[in-house]
Amino acid sequence: MAFELEALPYASDALEPHIDKETMEIHHGRHHQAYVDNLNKAIEDTDAAALSLEEINKNISKYSAAVRNNGGGHFNHKLFWSVLGPNGGGEPSGELAEAINKTFGSFAELKTQLQTAGTTRFGSGWAWLIVKADGQLAVTSTPNQDNPLMDVAEVQGTPIFGVDVWEHAYYLRYQNKRPAYLEAIFNVVDWDAVAKRYQEAK
Ligand code: MN3
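The sequence shown begins at 15 in the numbering used here and counts up by one.
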């Protein structure tokens with residue numbers, strides 16, 4: 015039972031002008047596809063082949079570097095596409111908004127903390143909004159294709175939103191200007207999708 019790359023939930027040009035069509039096509043069709051293919055190769059004939067993607071990530075210390083890089087890569091990108099959308103942007107509402115205000119003081123402060131987590135992550139990695147085991151929200155970042163589900167993560171929890179800060183996520187449109195990408199991405203965040211993940215995680 016091999017993992018498969020799902021189609022994007024919107025057209026590859028749907029996030030223009032914030033995320034360009036060519037970046038989306040290469041990012042999803044080549045980078046994410048490679049994580050899926052290499053994960054399948056890495057788990058072939060191992061006990062991980064019978065596990066869900068979440069179970070593999072939660073027990074990642076038991077597996078090879080190839081499983082860590084590609085199992086993380088598949089999980090992270092699957093989540094990433096699902097929390098973006100052409101009708102995104104704005105601010106969350108309801109219980110998620112209340113939890114953000116309680117933890118960070120305001121949505122603006124959450125945005126600043128996510129942008130700081132992304133800009134200060136040296137090299138490649140991710141910035142995350144997570145729900146910790148005690149139900150509290152937190153911002154964290156991980157290197158490479160690690161994520162907060164992994165038992166090796168410095169700060170662990172269930173990610174409900176993540177921003178890919180690998181150069182492949184932004185270089186065509188933003189070149190070396192990672193902060194500009196980290197500003198633009200907030201125009202295409204699907205906060206309803208994040209709120210749904212919050213309800214499931216807390
Ligand atoms: Mn990526």
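For glycine and all other residues, C-beta sits at the position ideal for the given N, C-alpha and C.
Exercise for the section: Answer with buried or exposed for F136, where buried requires no fewer than 16 other C-beta atoms within 10 angstroms of its C-beta. Expected result: exposed
Problem - C-beta atoms of H32 and V177 nearer than 8 Å - result: no
Problem - Proximity below 8 Å, CB of M164 to CB of G86 - result: yes
Practice task
Report buried or exposed for Q213, applying the criterion of at least 16 other Cβ atoms within 10 angstroms of its Cβ.
Solution key: So Q213 counts as exposed.
Practice task
Could you please go through the chain and list the residues whose beta-carbon is closer than 6 Å to any non-hydrogen atom of the ligand MN3?
Solution key: H41, H45, H91, D178, W180, H182, A183
Practice task
Ignoring anything shorter than 4 residues or poking outside the stretch 31 to 83, list the alpha helix (DSSP H) runs there in chain order.
Solution key: 35 to 40, 47 to 57, 67 to 72
Handout entry: Given 8 Å, three or more beta-carbon pairs between the stretch 53 to 60 and the stretch 69 to 84
Key = yes
Exercise for the section: Can you tell me which of F17, S26, Q47, T37 puts its alpha carbon nearest to the alpha carbon of Y188? Expected result: T37
Exercise for the section: Alpha carbon to alpha carbon, how far is A16 from P100? Give it in angstroms, no decimals. Expected result: So the alpha carbons of these two residues sit roughly 30 Å apart.
Exercise for the section: Just grab the DSSP bridge partners of F175 for me. Expected result: In DSSP, F175 forms a bridge with L143.
Exercise for the section: Determine the DSSP secondary structure at P193, reduced to helix, strand or coil. Expected result: Of the three classes helix, strand and coil, the one that applies to P193 here is helix, per DSSP.
Handout entry: For A209 and L110, the rounded distance between their alpha carbons
Key = 6 Å
Problem - Contact set for E30: own chain, Cβ-Cβ below 7 Å, skip 5 residues either direction - result: none
Problem - Beta-bridge pairing of V153 - partner residues as DSSP gives them - result: L143
Problem - Start and end residues, alpha helix (DSSP H) containing W205 - result: 205 to 215
Handout entry: Assigned secondary structure, L98 (DSSP; H/G/I helix, E/B strand, else coil)
Key = strand
Exercise for the section: Sort E105, T117, P162, E112 by Cα distance to E69 and report the nearest one. Expected result: Closest in C-alpha terms to E69, from the list E105, T117, P162, E112, comes P162.
Problem - Three-way DSSP call (helix, strand, coil) for R187 in this model - result: helix
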